[in-house]
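Novice: As you go down the protein sequences, you meet chains A and B in turn.
Residues in the first sequence are numbered from -2 upward in steps of one, following the numbering used here.
Residues in the second sequence are numbered from -2 upward in steps of one, following the numbering used here.
Virtual Cβ for every residue (Gly too), placed ideally from N, Cα, C.
Everything numeric in this text was worked out from a predicted model, so none of it was measured.
Number of protein chains: 2
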Amino acid sequence: MNIYDISKQAGVSIATVSRVLNGSHNVKPATRKKVMDIIDQYGYTPNAFARGLGLDTMNSIGIICADSSDLYLAKAVYYIEGNLRKNGYNSVLMCSGYEHDSKENALSLLINQRVDAVIMVGSNYIEAEDENNRYIVNAATQTPIFLLNANLDCPNVFCTMCDDFRATQEAALLLLDSGITDILYLYNSRSYSGMQKLSGYRSAYDMREIPCNRELIQFFEGSREDIDGVRHFLCGLREQGLTFHAVLASEDMLAAGAVKYAKINNIAIPDELSVIGYNNSLLTVCSDPEISSVDNHLETLCSRLVKTCIGVLNGEEMPPKVIYSGELVRKATTNL
Amino acid sequence: MNIYDISKQAGVSIATVSRVLNGSHNVKPATRKKVMDIIDQYGYTPNAFARGLGLDTMNSIGIICADSSDLYLAKAVYYIEGNLRKNGYNSVLMCSGYEHDSKENALSLLINQRVDAVIMVGSNYIEAEDENNRYIVNAATQTPIFLLNANLDCPNVFCTMCDDFRATQEAALLLLDSGITDILYLYNSRSYSGMQKLSGYRSAYDMREIPCNRELIQFFEGSREDIDGVRHFLCGLREQGLTFHAVLASEDMLAAGAVKYAKINNIAIPDELSVIGYNNSLLTVCSDPEISSVDNHLETLCSRLVKTCIGVLNGEEMPPKVIYSGELVRKATTNL
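(1) I want to see whether chain A comes within less than 8 Å of Glu124 (chain B), judged by CB atoms only; does it?
(2) Is any beta-carbon of chain B found at less than 8 Å from that of Tyr86 (chain A)?
(3) Going along chain A in order, which residues have a C-beta closer than 9 Å to the C-beta of Glu78 (chain B)?
(4) What does DSSP give as the partner residues of Gly157 (chain B) in its beta bridges?
(5) Please state whether DSSP places Glu212 (chain B) in a helix, a strand or coil.
(6) Examine chain B for any beta-carbon lying closer than 8 Å to the beta-carbon of Val24 (chain A), and answer yes or no.
(7) For Asn102 (chain A), which residues in chain B fall below 8 Å Cβ to Cβ?
(8) Does the separation of the CB atoms of Leu183 (chain A) and Ala246 (chain A) fall below 8 Å?
(9) Could you work out which residue in B:Val112, B:Ala255, B:Pro316 is closest to Val272 (chain B) when comparing CA atoms only?
(10) Return the first residue and the last residue of the beta strand (DSSP E) that Tyr258 (chain B) is part of.
(11) Using a C-beta to C-beta distance shorter than 8 Å, which residues of chain B count as neighbours of Ile224 (chain A)?
(12) Tell me Glu324 (chain B)'s beta-bridge partners as DSSP assigns them.
(13) Would you mind working out which of B:Lys25, B:Val9, B:Ser57, B:Asn277 sits nearest Ile35 (chain B), comparing C-alpha positions?
(14) Three Cβ pairs or more, each shorter than 8 Å: is that satisfied between the region 82 to 97 of chain A and the region 67 to 87 of chain B?
(15) Which residues in the same chain have their Cβ closer than 8 Å to the Cβ of Asp64 (chain A), if we skip the five residues on either side of it in sequence?
(16) Tell me, please, which residues DSSP counts as bridged to Tyr182 (chain A).
(17) Closest by CA to His97 (chain A), which one among A:Ala114, A:Asn129, A:Asp113?
(18) Could you check whether Thr157 (chain A) and Leu145 (chain A) sit closer than 8 Å to each other, using their CB atoms as the reference points?
(19) At a Cβ threshold of 8 Å, is Pro43 (chain A) touching chain B?
(20) To the nearest angstrom, how far is the alpha carbon of Gln215 (chain A) from that of Asn185 (chain A)?
(21) Can you look up Gly233 (chain B) in the DSSP assignment and give me helix, strand or coil?
(22) What whole-angstrom Cβ distance do Ala147 (chain B) and Ile123 (chain B) have, given they're in contact under 8 Å?
(23) With respect to the beta strand (DSSP E) encompassing Val115 (chain B), which residues constitute its N-terminal and C-terminal limits?
(24) Return the first residue and the last residue of the alpha helix (DSSP H) that Gly79 (chain A) is part of.
(25) Under 8 Å, CB to CB, which of the residues in the region 254 to 273 of chain A have a partner in chain C?
(26) Using the C-alpha atoms, what's the distance from Leu325 (chain A) back to Leu333 (chain A)?
(27) Given a cut-off of 8 Å, decide if Tyr75 (chain A) and Glu101 (chain A) are closer than it, judged by their beta-carbon atoms.
(28) May I ask which residues mark the beginning and end of the beta strand (DSSP E) holding Cys62 (chain B)?
(29) Taking C-beta to C-beta, are Val354 (chain A) and Ala7 (chain A) nearer than 8 Å?
(30) Excluding the 5 residues preceding and the 5 following Val319 (chain B) in the sequence, name in chain order all residues of the same chain whose CB lies nearer than 6 Å to its CB.
(31) Spell out whether any CB of chain B is found under 8 Å from the CB atom of Leu68 (chain A).
(32) Rounding to the nearest angstrom, what Cα-Cα distance links Cys306 (chain A) and Thr138 (chain A) in this structure?
(33) Beta-carbon within less than 6 Å of His294 (chain B)'s beta-carbon, same chain only, minus the 5 sequence neighbours each way: which residues are those?
(34) If we cut at 8 Å on Cβ distances, does Asp98 (chain A) have a partner in chain B?
(35) Are the C-beta atoms of Ser105 (chain B) and some chain A residue less than 8 Å apart?
(36) Rounding to the nearest angstrom, what Cα-Cα distance links Glu167 (chain B) and Ser190 (chain A) in this structure?
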């Protein structure tokens, strides 16, 4: 129990608990009694609290994400920070960028901060080559590591993820079964989750025994905010003669670009082009028409990840992998 | 100089610097020499670094924001964290929510963590009543406080902000001078910056000696992500007989709702309705047509704020207030 819990139980502010513990006169006797009763009940001595206000027990957990201004990662950081705080832990945030070296540096910095654990937010931390993930394996010998939406088989590493393979496969199957066989798959990350989604797309074609044109798999190189760049990119593909009647995107931003592409070319959505995004973010509502998108239940994932983390820190036996399902939220860009 | 600087100067990873300092054999002699030369040059002894890897000098700065998943606040946190890290400081992140008590609690928690400074991100930390800002005044007696986009006259408090009053005034003047005199002002926050923007709107009417219909000032109570709620809200105003030929919004999300309102009612943008947002975020590009919006140069503000913070921590004399100007970025929802 920390100062946060005491303040909640007593129904007073943390500043008030702090005043009680410091022996300040500026507290009503009734309030003082309420706070002291709770402290007594849980067997704490006020002196132990007064020294540093007991916050020596409020330890720190490192959070690394590539870019905390990314819509999806920002939400994850928000949920994780809130859950950690409720459990009496501080969050030390570090934004690593997407480059291998900067990710490795950020993790080293955090490990050297004597944080109790490190939470790595986003699948971009796991790369396709094992060699490039060795920095995480090494770090895990010192501190437990918790991965959100990424998978690594390694002692002291715990993974909480959405089954992106299956969610993408299901979305692709729905499109194939509605008669659309030329689905453009658009992605912008070769991360673990990026590769899972791509495999899901491919496997849907395999399951229906429909040959998949390799040119329908397209990687967008531009920035993660460049919706207009996506539109240009798709216009370029059309000019080269590529035809497609659906866009299945690994991220909502790419889907928003696809909607803009359709508009500028007078392509009717969803009759002539279906569009499916991923993450079910605010962009899907801002866009017109609103974009059908896979919801991977980020809030649930984050809350589960923090539960696993707290369990590990309390010495409990926790499962190294927890996997949730995603779900297509149907809006106006599909007829499914 | 910390481990981060050494790694940068030597052109090697932090893990490598760490290995050199720990006397690991797994380092090339040339690399070891390069790292040691830099450490010698700056007068540090490797032993001081080896103990905790010198990270005792990498101190922590608290960052509070109401909601790190808000598009605008997330970007601010991202810029601030990066700038702090470059200067050898860690970021302890706390998301406080928008309620007074939870803001006060979050600040108390951070102050009790022995952070070197607290950065409060977003104008929602300053309320209209002085009484409600006393928790910041009190905290500033213990730790320097840095406010982004908020204003408080108080020793040990430093403010970096955009002149939201003037930016909103200029946008309103442009609309008035183009002949639109029924500008709906739509806002969703009564924070310091929220009040500045509203005053800017009102003052534009005063300057042109045009009477301003009070009903044109509308507060949206819904959530900060409820674009469809904004659309409903505006439809309700229209049904009540309120006419307006422009929407000036205190936030892009509100402007995105206004665009959706226009579409559903077959109102032509910008010929029958002009729309101006605030923050120039990704939503302005996702929307169709793209939304004209005030850019308040967030990246510059954040970099300046961190400079002020580092200066204060180094004992330099720093100005208590730094004010930048905003600028209207014209896109497709205005004819100005």
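Specialist: Concretely, from the data shown:
(1) Answer no: the Cβ-Cβ gap between Glu124 (chain B) and chain A never drops below 8 Å.
(2) no
(3) Ser65, Leu90, Met91, Cys92
(4) The sequence shown places Thr at residue 157 (chain B), not Gly. Looking at the DSSP assignment, Thr157 (chain B) forms a beta bridge with B:Leu145, B:Val319.
(5) Three-state result, Glu212 (chain B): helix.
(6) no
(7) Tyr1, Ser4, Ser10, Ile11, Ala12
(8) yes
(9) B:Ala255
(10) From DSSP, Tyr258 (chain B) is part of no beta strand (DSSP E) but of the alpha helix (DSSP H) over 249 to 261.
(11) In chain order: Leu279, Val282, Cys283.
(12) B:Asp292
(13) Comparing alpha carbon positions, the residue from B:Lys25, B:Val9, B:Ser57, B:Asn277 closest to Ile35 (chain B) is B:Val9.
(14) yes
(15) Leu70, Cys92, Gly94, Tyr95, Arg221
(16) In the DSSP output, where bridge partners are listed per residue, Tyr182 (chain A) has A:Ile214, A:Leu245.
(17) When each option's Cα is compared against that of His97 (chain A), the closest is A:Asn129.
(18) yes
(19) Because Pro43 (chain A) sits at a pLDDT of 40, beneath the cut-off of 50, its placement in the model cannot be relied upon, and the following sentence gives the value as read from the coordinates. Not closer than 8 Å to any Cβ of chain B, the Cβ of Pro43 (chain A) fails to qualify, so no.
(20) 9 Å
(21) helix
(22) 4 Å
(23) Segment 115 to 118, the beta strand (DSSP E) holding Val115 (chain B).
(24) 68 to 83
(25) In the displayed structure, chain C is absent; the protein chains listed are A and B.
(26) 10 Å
(27) no
(28) 57 to 62
(29) Because chain A in this structure spans residues -2 to 333, residue 354 (chain A) falls outside the shown range and cannot be described.
(30) Same-chain partners within the cutoff: Thr157, Arg301.
(31) Look at Leu68 (chain A): its C-beta is under 8 Å from a C-beta on chain B.
(32) 16 Å
(33) Tyr321
(34) yes
(35) It does; some Cβ of chain A falls within 8 Å.
(36) 46 Å
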